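Novice: Structure below; questions to follow.
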Amino acid sequence: MTVTDTAIRESPVQGLDASKLAGQLERLAAELGIRRWDLGAACSTDTSVQVDRGEPKQLKGAQRSSITVRVWNADGLVGITSTSDLSAAGLARALAGAQEASAYGNADDTPTFSPLATAPLETLDQPLREPVGILSLLATLQEAERDLLSRHVAISTVPYNGLAQRSSERIYLNSDGACRQQRLSTASLYLYARAEEAGRKPRSSGAVRLAYGAGLLDVAGCIDEAAERTISHLDYAPIDTGRYPCVFSPEAFLDLIGAFSSLFNARSVLDGVSLSQRESIGEQLAVPFLSIHDNGLHPGNIGASSFDGEGTPVHRLALVDGGVLKHFLHSEATARAFGVAPTGHAGLGAKVSVGTNWLEIGPGDSAGGASGLDRHKADGVVWIESLSALHAGVKASQGSFSLPFDGWLIQGGEARSIEAATVAGDIRAVLKGLIGFEGPAKITPDGLCPHVWVEGLSITGDA
Amino acid sequence: MVASLPLPVVSLDPFDLSWRPRLEAVLSAGCAAGATLVEVFLESTDHIGLLAEQDRITNVSPAFGKGAGIRVFRGERDGFVSTNDLSKRGLLTALEQALGMLGLEPCSAGRGGFEGLAHLRDHAAAKAGWLAACPGLGDATARLLEGTALLECHGQHLQARRGSYARDWQEVMVAASDGTFARDIRLHQSVGLNALVADGEHRASQGRRYGSTDRPDDLLHWDAEASATELCASARAMLHADYVEAGSYPVVLANRFGGVIFHEACGHLLETTQVERGTTPFADQVGSPIAHGAVTAIDEGLSTGAFGSLSMDDEGMEPQRNVLIENGILKRFLSDRAGELRTGHARTGSGRRQSHAFAAASRMRNTFIAAGPHSPADLIGSVERGLYCKSMGGGSVGPTGQFNFAVEEGYLIENGQLGKPVKGATLIGEAKEVLPRISMCANDLELAAGFCGSVSGSIFVTVGQPHIKVDAITVGGR
Chain A
724 MTVTDTAIRE SPVQGLDASK LAGQLERLAA ELGIRRWDLG AACSTDTSVQ VDRGEPKQLK
784 GAQRSSITVR VWNADGLVGI TSTSDLSAAG LARALAGAQE ASAYGNADDT PTFSPLATAP
844 LETLDQPLRE PVGILSLLAT LQEAERDLLS RHVAISTVPY NGLAQRSSER IYLNSDGACR
904 QQRLSTASLY LYARAEEAGR KPRSSGAVRL AYGAGLLDVA GCIDEAAERT ISHLDYAPID
964 TGRYPCVFSP EAFLDLIGAF SSLFNARSVL DGVSLSQRES IGEQLAVPFL SIHDNGLHPG
1024 NIGASSFDGE GTPVHRLALV DGGVLKHFLH SEATARAFGV APTGHAGLGA KVSVGTNWLE
1084 IGPGDSAGGA SGLDRHKADG VVWIESLSAL HAGVKASQGS FSLPFDGWLI QGGEARSIEA
1144 ATVAGDIRAV LKGLIGFEGP AKITPDGLCP HVWVEGLSIT GDA
Chain B
-8 MVASLPLPVV SLDPFDLSWR PRLEAVLSAG CAAGATLVEV FLESTDHIGL LAEQDRITNV
52 SPAFGKGAGI RVFRGERDGF VSTNDLSKRG LLTALEQALG MLGLEPCSAG RGGFEGLAHL
112 RDHAAAKAGW LAACPGLGDA TARLLEGTAL LECHGQHLQA RRGSYARDWQ EVMVAASDGT
172 FARDIRLHQS VGLNALVADG EHRASQGRRY GSTDRPDDLL HWDAEASATE LCASARAMLH
232 ADYVEAGSYP VVLANRFGGV IFHEACGHLL ETTQVERGTT PFADQVGSPI AHGAVTAIDE
292 GLSTGAFGSL SMDDEGMEPQ RNVLIENGIL KRFLSDRAGE LRTGHARTGS GRRQSHAFAA
352 ASRMRNTFIA AGPHSPADLI GSVERGLYCK SMGGGSVGPT GQFNFAVEEG YLIENGQLGK
412 PVKGATLIGE AKEVLPRISM CANDLELAAG FCGSVSGSIF VTVGQPHIKV DAITVGGR
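So the sequence lines, in the order shown, correspond to chains A and B.
In terms of the working numbering, the first sequence opens at residue 724 and continues consecutively.
In terms of the working numbering, the second sequence opens at residue -8 and continues consecutively.
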């Protein structure tokens, strides 16, 4: 049999016709007496592969579509409905559902259209790549797995691996004529290896890469990093429980700040579940040499969006500058409540969620902090490579965290993997306890950050 | 108060016998192309989510959808494609893509040995009226507001009060080329309360969630008073609690949601997906002791009203009651269709998935440690200095089997008595090391509803246990 590798490639995203969708919505809304509406729609085609010791494990494809419609009733109250059915019948049902839900809209906090929903957008440099055939993906991943397994005799499997690509499109429309549309292609590769030496516990680590297409992925870099990290944890030892200066990797510090992003979230502030209050703007939140910006438009942000769920343009926003809290992240509704402009961080809903896009962390324009920090010459320092279980170990509304981590104890400049441990602390103390930054900032999937040194944190080990 | 409208029930065409020709055409085409097994999973969903904050309803989120997942096997290999297009053409296009993944091409002639679908096993017939029988928006919102008002009534230092409700209705049809033809309707409802309390620099947040399956009017019978009372007592205790001192202690874990540790630390390691990956230390341990003799553990999908109960799994198989560990001896693994094919462990009715967008995998349902002979007081009384975990938060297990769990409400045990409350505790360990240390089980088994995220998405499960004592475990703290 001749094997062809075109099955998925011949079925690209069907595409969203924005003007047709707008026309349909307009007609259906008129029939239901709905005069004000907006919607977010998305569709995508995905293919992905996983392998297990040379054999294909799971090959997957998916065509997805979804739409969320939001309507305002005669009393000005908002209701929404979401559906995966983009047919005319599906749209009609969604509008009717949203209209029914609007009877329970919150009169105290009603969103409206973003005043920036028709403002000019930044042009993003995002090359659109045609998807490659799934058998090509498979061959690439099989080769990557083979290469990784060959790097060390102790690496016996790569139990978590995947190579995926996506072609997607999203739209925002509203009854005032706003029309946003974006097409995107992305690809991802992850390799998590498991290594075990006789009489020792199994160890695991890995790496991830993102790109605008499968052919652009840094496969070799991902293999190198996964191998290096996994091998570096083979020689491990327990750590004594106590307080240690800690060096967070860029990925770990970005995870930590991201888990406490309610500090910067106007929705959380208004809901009373943030550590910040309305009047916190202008307060010294951190050491004077720390700056945090949200910049969804950074070229390193693979898959960046130029507009948020309400159609507001995304732009770079200073959250912390010189250690001082400068701005909150806003939707239209929270911005109106604070008397500022929306910032491009909203979802779409009756109660609109707010979230970060992509963080830049570093010294910014500020000077200060210890200089010449070098973890490779340190003594008695814990180097935290990655944090786990953030969903369970972070109490964002309380400020505390207690998280398992992978990392090394550095003694006399020698790093030795830590068998098992957790790091615990308070985010406010961390932000005010930064010692300094080490090395250049690194681009990661979640943002840009250098290695970050922090004063003594509680480490619990198994020793 | 707004009048009690019915929830926006969406009229989606039901999956009935009229689907047989379309499904048989897809299965025939797959077999004719050389597939050794083809399976089609059809799904229709209707969801509503409600949120109350303080004394207001702040979000009503209806959602509905439909889709199909088509899985094709060629020997032990499989390809899976999902689509929202349920037309015959849409299903055949998805099938072609799945065949292409395995190097197979559509073939117009023959049925490839497919002999047609069996008689429909219709578990849904008696459930057709469930969706309409669920509480209307007026009743549902009123119950949530009752809950947040009760928090105000019983709480102190309240900064934020929340109530949430979710109703998930799902109709599924499973058809496979081995003749499997089955239909079911599932109904899951959950209601939760959360409170954030603050007093100066002291803060504490507590939450409780209750869930049921197959009981349309369950929200109307929810004991909001008891939920709010328990939650406020917990928040009050934890508000001024000190941080726990890190170290290794004997620990007594309370019943109900305490079972999340067994679920995460051991249950996942007894799924055949872990055997396939080579990530379970128990792969060749059937018949061997892996836990203390005090431990018997069960997974089943049968308990009436429990969150993880099913009339059939997502591969059309009726659920079973499976003893996983009996008196410390490993008895069996949980297996799905692919697990049986690749590991030899017989299917257990455990093939589950979040939605049509996921291929089924071996997953837990209602999983619990069986009751023992002791009273909870016996367990606490046996500890000279340790930790009592009254309420557990979430946790996770890593690729090497190491687990970690947050303790939401904890108390020191001193000289066999409960002492002061402590916060910030995380339990850390490995299943292989901890299972032999579960030395005592009490006689107060209770179950609790939860959600489990894993290879085939987020699914409804039940965890459970009686009070249990672990002789030593690492406690992360300050």
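Heads up, the beta-carbon is just placed ideally off N, CA and C, and yes, glycines get one too.
Note that the structure is predicted; figures quoted are calculated from it, not measured.
Compare the C-beta of Ser999(A) against all C-beta atoms of chain B and say whether one is closer than 8 Å.
Specialist: Cβ-Cβ to chain B under 8 Å: no for Ser999(A).
Novice: Under 7 Å Cβ-Cβ, which residues of chain B neighbour Ile1141(A)?
Specialist: The premise fails here: Ile1141(A) is roughly 12 Å from chain B at the closest Cβ pair, so nothing lies under 7 Å.
Novice: Using a Cβ cut-off of 8 Å (strictly closer), state whether Pro53(B) contacts chain A.
Specialist: Yes, contact with chain A.
Novice: Apart from the five residues just before and just after Gly1135(A), which ones in its own chain have a Cβ nearer than 8 Å to its Cβ?
Specialist: Taken in chain order, the residues that qualify are Asp1102.
Novice: If you count every other CB in all the chains shown that lies within 10 Å of the CB of Arg1001(A), and 16 or more means buried, which is it?
Specialist: It counts as exposed.
Novice: Excluding five sequence neighbours on each side, which residues of the same chain lie with their C-beta closer than 6 Å to the C-beta of Ile1004(A)?
Specialist: So the list reads Leu1048, once near-sequence residues are dropped.
Novice: Is any beta-carbon of chain B found at less than 8 Å from that of Val736(A)?
Specialist: At Val736(A), the pLDDT of 41 sits below 50, so the modelled position is not reliable; the number obtained from the coordinates is stated separately. Val736(A) does not count as touching chain B.
Novice: Gln150(B) versus chain A: which residues are under 7 Å apart at the beta carbon?
Specialist: Gly995, listed in chain order.
Novice: What residue from Gly120(B), Leu315(B), Ile360(B) and Gly307(B) has the CA that sits closest to Asp435(B)'s CA?
Specialist: Minimum Cα distance to Asp435(B) is reached at Ile360(B).
Novice: Could you check the C-alpha separation between Leu108(B) and Asp275(B) for me, to the nearest Å?
Specialist: When rounded, the distance between both Cα atoms is 37 Å.
Novice: Taking Ser771(A) and Gly885(A) to be in contact with their CB atoms under 8 Å, please state how far apart those CB atoms are, rounded to whole angstroms.
Specialist: That pair is a contact at about 6 Å.
Novice: So with CB distances below 8 Å, who are the chain A contacts of Gly468(B)?
Specialist: Near Gly468(B) (Cβ distances below 8 Å), the residues of chain A are Ser1125, Ala1147, Ser1181 and Thr1183.
Novice: Quick check on the DSSP output: the beta strand (DSSP E) that includes His1016(A) runs from which residue to which?
Specialist: Element bounds for His1016(A): Ser1014 to Asp1017.
Novice: May I have the straight-line CA-CA distance separating Ser181(B) from Ala157(B), to the nearest angstrom?
Specialist: If I take the Cα positions, the gap works out to 5 Å.
Novice: Is it buried or exposed, Gln1007(A), if we count other Cβ atoms within 10 angstroms and call 16 or more buried?
Specialist: It is exposed - the Cβ of Gln1007(A) has fewer than 16 other Cβ atoms within 10 Å.
Novice: What's the gap between the Cα of Thr36(B) and the Cα of Gln161(B)?
Specialist: Between Thr36(B) and Gln161(B), the C-alpha separation is close to 4 Å.
Novice: Between Val942(A) and Ala887(A), what straight-line distance do the alpha-carbon atoms span, to the nearest angstrom?
Specialist: Distance between the alpha carbons of Val942(A) and Ala887(A) is about 12 Å.
Novice: Report yes or no: do the stretch 1029 to 1048 of chain A and the stretch 1095 to 1109 of chain A share at least 3 C-beta pairs separated by less than 8 Å?
Specialist: At 8 Å Cβ cutoff, the stretches do not touch.
Novice: Three-state secondary structure (DSSP) at Lys322(B)?
Specialist: Three-state DSSP puts Lys322(B) in coil, outside helix and strand.
Novice: Taking 8 Å as the threshold (beta carbon to beta carbon), is Pro882(A) in contact with chain B?
Specialist: So, interface residue.
Novice: What three-state label does DSSP hand Gln147(B) in the structure shown?
Specialist: Note: Gln147(B) maps to coil in three-state DSSP.
Novice: Phe987(A) and Leu1052(A) look like a contact to me (Cβ under 8 Å); what is the Cβ gap, rounded to whole Å?
Specialist: Their Cβ separation, rounded to whole angstroms, is 5 Å, which keeps Phe987(A) and Leu1052(A) in contact under 8 Å.
Novice: Do you know whose CA, among Ile1150(A), Pro1022(A), Lys743(A) and Gly944(A), lies nearest Ile980(A)'s CA?
Specialist: When only C-alpha atoms are compared, the closest one is Ile1150(A).
Novice: Measuring straight from C-alpha to C-alpha, what distance separates Asp327(B) and Gln849(A)?
Specialist: Roughly 41 Å separates the two Cα atoms.
Novice: Below 7 Å CB to CB, which residues in the same chain sit around Cys1172(A) once its five sequence neighbours on both sides are set aside?
Specialist: The residues are Pro973, Phe976, Leu977, Ile1084, Gly1085, Ala1164 and Lys1165.
Novice: Leaving out five residues on either side along the sequence, give the residues of the same chain with a beta carbon under 7 Å from the beta carbon of Ala226(B).
Specialist: Correct list, in chain order: Gly146, Ala186, Val188, Ala195 and Gln197.
Novice: Contact check, Phe298(B) vs Gly441(B) under 8 Å by CB: the rounded distance?
Specialist: With 8 Å as the limit, Phe298(B) and Gly441(B) qualify as a contact, their Cβ atoms being about 7 Å apart.
Novice: Could you check whether Ala463(B) and Ser473(B) sit closer than 8 Å to each other, using their CB atoms as the reference points?
Specialist: No information on residue 473(B) is available, as it lies outside the stretch -8 to 469 that chain B covers here.
Novice: Whose C-alpha, out of Pro241(B), Leu142(B), His259(B) and Ser73(B), is nearest the C-alpha of Val446(B)?
Specialist: If we check each option's Cα against that of Val446(B), His259(B) comes out closest.
Novice: Where Val374(B) and Gly784(A) are concerned, what is the direct C-alpha to C-alpha distance, given to the nearest angstrom?
Specialist: Taking the straight line from one Cα to the other gives about 54 Å.
Novice: Below 7 Å on C-beta distance, what does Pro390(B) contact in chain A?
Specialist: Within 7 Å Cβ-Cβ: Pro882, Tyr883, Tyr915, Arg917 and Ser927.
Novice: Using the three-state DSSP reduction, which class does Val165(B) fall into: helix, strand or coil?
Specialist: Strand, per DSSP.
Novice: Report yes if the C-beta distance between Leu844(A) and Phe1030(A) is below 8 Å; otherwise report no.
Specialist: The answer is yes: Cβ separation under 8 Å.
Novice: Which value, in whole angstroms, describes the spacing of the CA atoms of Thr768(A) and Arg889(A)?
Specialist: Roughly 6 Å between the two C-alpha positions.
Novice: Mind listing, in chain order, the continuous alpha helix (DSSP H) runs of no fewer than 4 residues lying wholly within the stretch 316 to 389 of chain B?
Specialist: Counting only runs of 4 or more, we get 328 to 334 and 367 to 372.
Novice: Does the CB of Lys1074(A) have a neighbour CB from chain B at under 8 Å?
Specialist: So, interface residue.
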